[in-house]
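K.L.:
The structure that follows is given in the form of structure tokens.
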Amino acid sequence: MNRIWFLLLALGCAFSAPLHSQQDNRASLFGGFKADNKAQVSIAQPVSLPADHAPHQGYQIEWWYLTLLLENEAGEPFNYQFTLFKFARPELASNWGDGIVWMGHSSLHTQTQHYFAEKFAQQGTGIASFSAAPVAFYIDNWQWQSQRETSLFPAALNTTSGPAALKLKLTADKPFVKHGQQGVSFKTGDGRYRSYYYSQPFINASGQIMLDGVTHQVSGLGWYDHEWTSQLADEDALGWDWFSLHFDDGRKLMAFTMYVDGGEAYTTGTLITAQGEPQTLGPDELQIVSLNTSEVADRDIPTEWQVSIPAQKIDITTNAFKADQWNHSRFPYYEGAISFSGSHAGKGYMELTGY
Numbered sequence: 293m294n295r296i297w298f299l300l301l302a303l304g305c306a307f308s309a310p311l312h313s314q315q316d317n318r319a320s321l322f323g324g325f326k327a328d329n330k331a332q333v334s335i336a337q338p339v340s341l342p343a344d345h346a347p348h349q350g351y352q353i354e355w356w357y358l359t360l361l362l363e364n365e366a367g368e369p370f371n372y373q374f375t376l377f378k379f380a381r382p383e384l385a386s387n388w389g390d391g392i393v394w395m396g397h398s399s400l401h402t403q404t405q406h407y408f409a410e411k412f413a414q415q416g417t418g419i420a421s422f423s424a425a426p427v428a429f430y431i432d433n434w435q436w437q438s439q440r441e442t443s444l445f446p447a448a449l450n451t452t453s454g455p456a457a458l459k460l461k462l463t464a465d466k467p468f469v470k471h472g473q474q475g476v477s478f479k480t481g482d483g484r485y486r487s488y489y490y491s492q493p494f495i496n497a498s499g500q501i502m503l504d505g506v507t508h509q510v511s512g513l514g515w516y517d518h519e520w521t522s523q524l525a526d527e528d529a530l531g532w533d534w535f536s537l538h539f540d541d542g543r544k545l546m547a548f549t550m551y552v553d554g555g556e557a558y559t560t561g562t563l564i565t566a567q568g569e570p571q572t573l574g575p576d577e578l579q580i581v582s583l584n585t586s587e588v589a590d591r592d593i594p595t596e597w598q599v600s601i602p603a604q605k606i607d608i609t610t611n612a613f614k615a616d617q618w619n620h621s622r623f624p625y626y627e628g629a630i631s632f633s634g635s636h637a638g639k640g641y642m643e644l645t646g647y
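Going by our numbering, the final residue of the sequence shown carries number 647, and the count climbs one at a time with no gaps.
In structure tokens, the structure reads:
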């Protein structure tokens, strides 16, 4: 049995089938076990950059997440998502690895095609890891390589997604945005569920996508997230509806509704000025309402939404780039580009889990 099959078998045992809520019929994305919450998310220890670009030991789950809204010179869309996940699974430690499991997702959408790839590796095998100076992440032949000692940007990203090969340059000229209270993001009204969470929503991307023998010169906007916690891996965390929006006037919006078994859905977000100044929005300031659904992967997926911030006179309706933007991964979820119109116009990404 080779290492990949061993790891997949171990993951199948460690992550049992998702549990469903009787109340909402939602399912935990990473659930099937009770999270070990020894590593706490604390307001007394807020996010500190650049140190917190690095992985964090002791937390159940962590991810580094990038979405890009790209076009080639002919205006054809190439929407791309790249994510590295890190799971703390000490029971899997062996001479093949130290109990840290990495998972990589690479998803490319054109108007007519979806190319998705998934990779697994244990830390300690030389297949996946992180280095601090300069900042670099890799899993197999996918690599994020920063161009400065401790800065995340500018960076080079080299990945593949099915038959597509991507070589991209990422830059950002605005500050990172810390969500919630200095990077402590509350997921429930009582504060029991929380994460460390910050973003870089002002990414400019350019480079090449080689697909079917054709090299496309592409450029566009990007959004980067880094989040770590133990509680979002808990079986009671039943998923979220999440949005990252680029307004045509230069503003940005991160917004989500979180669902926890036995509790009320909780909505919050961050409205960001064109200069990068954040404003945290609570449930009484931000509304996210599903308008229409589409049948995707044998599920009813809400693909049209209303997002409103009355105090800012923002009232917009989102539309999916295409209905079927489902990632058929070990932990399946919806992830895809959207546009929006109404009081304001723009584009962004939507992630839906628990369906």
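Glycine residues also receive a C-beta, built at the ideal position from the N, C-alpha and C atoms.
None of the values given here were measured: they were computed from a predicted structure.
Would you kindly work out how many angstroms separate the C-alpha atoms of Lys639 and Leu361, rounded to a whole number?
P.N.:
Looking at the two C-alpha atoms, the distance is approximately 8 Å.
K.L.:
Kindly identify the DSSP beta-bridge partner or partners of Phe445.
P.N.:
Phe445 pairs with nothing; no bridge assigned.
K.L.:
Tell me, to the nearest whole angstrom, how far the beta carbon of Leu644 is from that of Ile593; I am working on the premise that it is less than 8 Å.
P.N.:
Right, their Cβ atoms sit about 6 Å apart.
K.L.:
Among Arg591, Trp618, Leu458, which residue has its Cα nearest to the Cα of Val506?
P.N.:
Among Arg591, Trp618, Leu458, the Cα nearest to that of Val506 is on Leu458.
K.L.:
So what does DSSP say about Asp344, is it helix, strand or coil?
P.N.:
Residue state, collapsed to three classes: helix.
K.L.:
Decide if the region 512 to 531 is in contact with the region 488 to 500; the criterion is three or more beta carbon pairs, one per stretch, under 8 Å apart.
P.N.:
Short answer: they touch.
K.L.:
Restricting to runs no shorter than 3 residues, where is the beta strand (DSSP E) found entirely within the region 468 to 547?
P.N.:
DSSP runs (the beta strand (DSSP E)) wholly in the region 468 to 547: 476 to 478, 486 to 503, 506 to 521, 529 to 539.
K.L.:
Suppose you measure from the CA of Thr375 to the CA of Tyr357; what does that come to, to the nearest Å?
P.N.:
Those two C-alpha atoms are separated by around 4 Å.
K.L.:
From Gly396, Thr585, Gln567, Asp504, pick the residue whose C-alpha is nearest to that of Leu545; which is it?
P.N.:
Nearest C-alpha to Leu545: Gln567.
K.L.:
Taking just the CA atoms, how far does Tyr647 sit from Phe632?
P.N.:
One C-alpha to the other measures close to 22 Å.
K.L.:
State the Cα-Cα distance for the pair Ile630 and Glu363, rounded to the nearest angstrom.
P.N.:
So the alpha carbons of these two residues sit roughly 14 Å apart.
K.L.:
If we call anything under 8 Å between Cβ atoms a contact, is Gly634 one with Asp607?
P.N.:
In contact: Gly634 and Asp607 (Cβ atoms closer than 8 Å).
K.L.:
So, for Ala637: in the same chain, excluding its five sequence neighbours on each side, which residues have a beta-carbon less than 7 Å away from its beta-carbon?
P.N.:
Here the set comprises Asp540.
K.L.:
Excluding the five sequence neighbours on either side, which residues of its own chain have a C-beta within less than 6 Å of the C-beta of Arg591, listed in chain order?
P.N.:
Within the same chain, Arg591 has close Cβ partners Tyr647.
K.L.:
Between which two residues does the beta strand (DSSP E) harbouring Val339 extend?
P.N.:
Per DSSP, Val339 belongs to no beta strand (DSSP E) and is neither H nor E.
K.L.:
For my contact list, Thr480 and Gly555 are in at a C-beta cut-off of 8 Å; report their separation, rounded to the angstrom.
P.N.:
That belief holds up - the Cβ atoms of Thr480 and Gly555 are roughly 6 Å apart, short of 8 Å.
K.L.:
With a threshold of 16 other CB atoms inside 10 Å of the CB of Asp504, please say whether the residue is buried or exposed.
P.N.:
Its Cβ having fewer than 16 others within 10 Å, Asp504 is exposed.
K.L.:
Specify the secondary structure class of Leu384 as computed by DSSP and reduced to three states.
P.N.:
DSSP places Leu384 in helix when its eight states are reduced to three.
K.L.:
Please state if the CB of Ala425 and the CB of Trp436 are separated by a distance shorter than 8 Å.
P.N.:
No, the pair does not count as a contact, with Cβ atoms beyond the cut-off.
K.L.:
Whole angstroms are fine: how far does the CA of Pro338 sit from the CA of Gln664?
P.N.:
There is simply no residue 664 to check, as the chain begins at 293 and stops at 647 in what is shown.
K.L.:
What do you get for Glu365, buried or exposed, if any count of 16 or more other CB atoms within 10 angstroms of its CB means buried?
P.N.:
So Glu365 counts as exposed.
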